[in-house]
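Start counting the sequence shown at 0; every next residue gets the next number (numbering that gives the first Met the number 0).
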Amino acid sequence: MNERRTKQPRHRTIRLVRPPDETGVAVLCLTTASEVMFYTIREIPCEIGGRGFAMHRTGLGTLYHLRVGQPEDCDCDCLGFLRHGHCKHVMGLIALIKAGQWK
């Protein structure tokens, strides 16, 4: 018998550890079931719609460029987004913006 398994939603949290300073750099903490990751993030100019951000994962040197806004204006250059069309970086930043924690 072939049973279909329903994927359980992944539990993730994001919090603003330090709001943007005078240079515009903030610190985020993104937690998944298996990892706690810290990122520095700053808003960068975006000329193609949405808001642009540079997000740097501390400790690993990984730099991601992402864009948030309307659903069609969201993207990220991480492997998760490139493969699945969504990622924890974009979803987390959208959650912070909707919660009023990022202006």
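All C-beta atoms, glycine included, are put in the ideal place defined by N, C-alpha and C.
Which of the three DSSP states is assigned to residue i in this structure?
i, result
"Glu71", "helix"
"Leu81", "helix"
"Glu21", "coil"
"Ile47", "coil"
"Glu42", "strand"
Output the boundary residues of the alpha helix (DSSP H) element that contains residue i.
i, result
"Ile93", "Lys87 to Lys97"
Rounded to the nearest angstrom, how far is the Cβ of residue i from that of residue j, given a contact under 8 Å?
i, j, result
"Gly49", "Cys73", "7 Å"
"Ile13", "Ala94", "6 Å"
Mark residue i as exposed unless 16 or more other C-beta atoms lie within 10 angstroms of its C-beta, in which case mark it buried.
i, result
"Ala25", "buried"
"Lys102", "exposed"
"Gly91", "buried"
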